[in-house]
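Undergrad: Sharing a structure, written as structure tokens. Questions coming.
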Amino acid sequence: MDKFVDIKKPNISLENVANPIWVSVSEAAALGGVQGKTIRRALKDEKGTLVFKIVKDRYQIELGSLIIFLHRNKKLNNKLQDFGLGQYVSEWKAETEKER
Numbered sequence: 022m023d024k025f026v027d028i029k030k031p032n033i034s035l036e037n038v039a040n041p042i043w044v045s046v047s048e049a050a051a052l053g054g055v056q057g058k059t060i061r062r063a064l065k066d067e068k069g070t071l072v073f074k075i076v077k078d079r080y081q082i083e084l085g086s087l088i089i090f091l092h093r094n095k096k097l098n099n100k101l102q103d104f105g106l107g108q109y110v111s112e113w114k115a116e117t118e119k120e121r
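Using our numbering, the first residue of the sequence shown is number 22, and each one after it goes up by one.
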């Protein structure tokens, strides 16, 4: 039985998704091409840019908010493109090439 202890929502506008995808900290780090420490630091950030919930003492991060978070910072965006999920998304590569 899942016990939802805390759900924190940021000040960003995400479309209402019927079935959001929730990922763990390590999965989020692998998808973003960053270290787990970077994701944990973002979770503790006062601005609350990541949508997350705590299930059985584990963070679950909403995938849409993770992608938005990684696109906000140039350094994180580059890591997303080069080492993370962005390697497989051609539309992101085209936009990134224009910015570089």
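Idealized CB from N, CA, C, for every residue including glycine.
Keep in mind the model is a prediction, meaning the values are calculated, not measured.
Along the chain, which unbroken stretches of the alpha helix (DSSP H) at least 4 residues long are found entirely within the stretch 37 to 109?
TA: Listed in chain order, the complete alpha helix (DSSP H) runs (minimum 4 residues) inside the stretch 37 to 109 are 46 to 53, 57 to 65, 84 to 93, 95 to 104.
Undergrad: With a 10 Å radius around its C-beta and 16 neighbouring C-beta atoms as the bar for buried, classify valine 46 as buried or exposed.
TA: Valine 46 should be labelled buried.
Undergrad: Rounded to whole angstroms, how far is the Cβ of alanine 49 from the Cβ of isoleucine 82, which I believe are closer than 8 Å?
TA: Correct: roughly 5 Å between the Cβ atoms.
Undergrad: Can you list, in chain order, the residues of its chain whose CB lies under 7 Å from that of arginine 79, leaving out five sequence neighbours each side?
TA: Once the five neighbours on either side are set aside, the close Cβ partners of arginine 79 are Ser45.
Undergrad: Measure the Cβ-Cβ separation of serine 86 and leucine 71 and say whether it is below 8 Å.
TA: Yes, Cβ-Cβ distance for serine 86 and leucine 71 is below 8 Å.
Undergrad: Looking only at C-alpha atoms, which of Lys77, Gly53, Arg62, Ile75 sits nearest to aspartate 103?
TA: Of the candidates Lys77, Gly53, Arg62, Ile75, the one whose C-alpha sits nearest the C-alpha of aspartate 103 is Gly53.
Undergrad: Inspect the beta-carbon positions of leucine 97 and leucine 91 and report whether they are closer than 8 Å.
TA: A contact, by the Cβ cut-off of 8 Å.
Undergrad: Give every residue of the same chain whose Cβ lies closer than 7 Å to the Cβ of arginine 61, excluding the five residues on either side of it in the sequence, and list them in chain order.
TA: Hits under 7 Å: Val46.
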